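According to the numbering used here, the residues represented by the sequence shown are 712 to 1097, in order. From the three backbone atoms N, C-alpha and C, an ideal C-beta is built for every residue, glycine too. Model, not experiment: these values are computed from the prediction. Here's the structure, in structure tokens; my notes come after.
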Amino acid sequence: MTAKPDVDVAILGGGIAGLWLLARLKRAGYSALLIESEALGAGQTLASQGIIHGGLKYAIDLKLGQDSAMLADMPARWRACLNGSGEIDLRGAKLAAEHHLFWARRTLASRVAGFFGSKLVRGRVDALEQANWPEALRDPENVGAVYALDECVLDTSSLVATLAQLHAGCIKAGRAQVADRGNHVVLDVAGRSVTAGQLISTAGAGNEALLPQLGLPARAAQRRPLHQLLIEQAPVPLWAHCFDTSDKPRVTITTHRKQDGTLVWNVGGLLAENGVQQSEAELIAAARKEFAALLPKLDFSRSRFAGFRVDRAEGATADGHKPDGPVLQRKGRITLAWPTKLALAPQLADLVLADLPPPSGATQADWPDWAAPAIAPAPWETVSWK
Ligand SMILES: Cc1cc2nc3c(=O)[nH]c(=O)nc-3n(C[C@H](O)[C@H](O)[C@H](O)COP(=O)(O)OP(=O)(O)OC[C@H]3O[C@@H](n4cnc5c(N)ncnc54)[C@H](O)[C@@H]3O)c2cc1C
């Protein structure tokens, strides 16, 4: 008879995917341990814009693909968690905005009105009366229509802190060497040897290091880089996409608060995708030009700017585009997992749990003298402003 492993499941990586999975595993009765090599949220999660997409961004080219269908359930699932009635108690996490907005430039308002009036998206967007437009968009010479999407925006720092607290005793710091021994996985980490029935690696870009061990080629994972723009002392808060003739937003703006209370815009969309080829100074110049064209009435005279580079780390698709949903690669007792979107962490956990043997019923192992990882700072706490 083989001895029971120390834990049913070990997880590598404390971004949204690992933290969410840990909470779901514990709730389902598994013994589980999460190991983080740097700091919780350090990869993409705290750099993200925190939008709980319902798929409308991807429906804008009038094709509701599989990915937008998968995302459609996510806002309701997350909202249930935020109000304490869902699969994980996220009442400690803060909502940054109840609704992400979508604005159309004046010249495009009628095309967009046709789409948002269509059956395809009815019930998932509301056209806002001009009186209800947020201050940043109150510029009818340039803004033609504003819609509220059924998509909330989360404060990712409080999300990570809340998830970290739920099962704090099961989250440990270190970088593990892992080996699949057939009857269990051995993790050598922080001077210990820990055995697990299964290993799920949700290490983002860190998953790539495990590909050879699973006999997978480097092309089984992909990165899609971004050069996000940050604006400190942004004039007013705003959470919105601006769409134009492309099927991707020209800019996607979310507002965050630094620890000292200062407002920061995190700007993605095409600006950040095109910015990959640009230096920080070129990105800032492009952003100034873009905001002068899109929202010329906003005053950025007190603002300071910065760029930060971050890769979206994903399971691969044949054409290098965004995968439709979470991606899992499994060999023996080791699974590499990528959620593809923060919003899809619940879906990723469903897929992992569906494939696991039942909990062993073993008592959760405890390592009181094994240190816990810190929570990472958000990028806007550490950049140097220009
Ligand atoms: C700029 C940007 C904006 C985004 N905005 C949104 C959005 O608005 N909405 C949305 O749904 N999605 C968004 N995304 C996508 C989303 O952020 C990611 O899909 C999601 O955060 C991935 O989570 P993860 O836990 O898989 O990986 P990560 O967040 O990258 O976490 C991986 C963790 O693993 C750790 N790690 C690495 N190697 C090891 C190792 N060997 N051992 C242990 N730990 C390790 C890292 O330190 C890190 O903490 C955005 C992404 C980016 C880059």
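DSSP three-state call for residue i: helix, strand or coil?
i	result
Q988	helix
I763	coil
L773	Interpretation of L773 is limited by its pLDDT of 44, a score under 50 that renders its predicted location unreliable; the figure taken from the coordinates is listed afterwards. Coil at L773, not helix or strand.
A847	helix
A1083	coil
K1052	coil
D837	strand
E1001	helix
D861	coil
L1009	coil
L1067	coil
D1061	helix
A879	helix
W1091	helix
A728	helix
T1074	coil
K1042	strand
A787	helix
A890	strand
E852	coil
E747	strand
A842	helix
A758	helix
A872	helix
A721	strand
A884	strand
Have a look at residue i and residue j and give me their C-alpha separation to the nearest angstrom.
i	j	result
G752	A879	14 Å
Q909	H1032	30 Å
D837	H811	11 Å
G754	T1051	13 Å
A820	L877	45 Å
Q888	D1061	27 Å
E749	A728	15 Å
E943	D1077	43 Å
L767	G902	48 Å
L921	L940	31 Å
V1038	L723	16 Å
D1035	G1026	10 Å
I763	P946	24 Å
H895	T906	6 Å
L860	A807	14 Å
W1091	E846	23 Å
L1130	M781	Absent from the structure is residue 1130, since the part of the chain shown begins at 712 and ends at 1097.
L865	S759	10 Å
L982	A815	16 Å
G986	H967	21 Å
R835	R886	43 Å
L1009	P1070	56 Å
V900	I882	13 Å
N918	Q933	10 Å
D1030	L744	35 Å
A1083	T1028	35 Å
A1017	F1011	13 Å
G980	W950	13 Å
G893	D958	47 Å
L898	S904	6 Å
P1079	N977	38 Å
N794	S869	15 Å
A872	E852	42 Å
D719	G803	28 Å
G726	F813	28 Å
A783	G765	4 Å
K1097	P936	22 Å
D717	H952	47 Å
C863	A714	46 Å
D800	P948	28 Å
**Item:** Segments of 3+ residues assigned as beta strand (DSSP E) that fall wholly inside the region 791 to 827
**Value:** As far as the region 791 to 827 is concerned, its whole beta strand (DSSP E) runs of at least 3 residues are 806 to 808 and 812 to 816.
**Request:** Can you check the region 947 to 989 for any alpha helix (DSSP H) of at least 4 residues that lies completely inside it and give the ranges in chain order?
**Result:** With a minimum length of 4 residues, the unbroken runs of alpha helix (DSSP H) contained wholly in the region 947 to 989 fall at 981 to 985.
**Request:** Enumerate, from N- to C-terminal direction, the unbroken beta strand (DSSP E) stretches of 3 or more residues contained entirely within the region 899 to 938.
**Result:** 903 to 912
**Inside the region 1011 to 1036 only - beta strand (DSSP E) runs reaching at least 3 residues** = Restricted to the region 1011 to 1036, the beta strand (DSSP E) segments that are unbroken, complete and at least 3 residues in length are 1015 to 1026, listed in chain order.
**Message:** Three or more C-beta pairs under 8 Å: does that hold for the region 1051 to 1061 against the region 971 to 983?
**Reply:** Cβ pair count under 8 Å is below three, so no.
**Stretch-stretch touch, CB-based, cutoff 8 Å, three pairs: the region 992 to 1008 with the region 951 to 964** = yes
**Message:** Between the region 982 to 997 and the region 781 to 791, can you find at least three pairs of beta-carbon atoms closer than 8 Å?
**Reply:** no
**Message:** Does the contact criterion of 3 or more C-beta pairs under 8 Å hold for the region 911 to 929 versus the region 1029 to 1048?
**Reply:** Yes, since at least three Cβ pairs between the region 911 to 929 and the region 1029 to 1048 fall closer than 8 Å, the two stretches touch.
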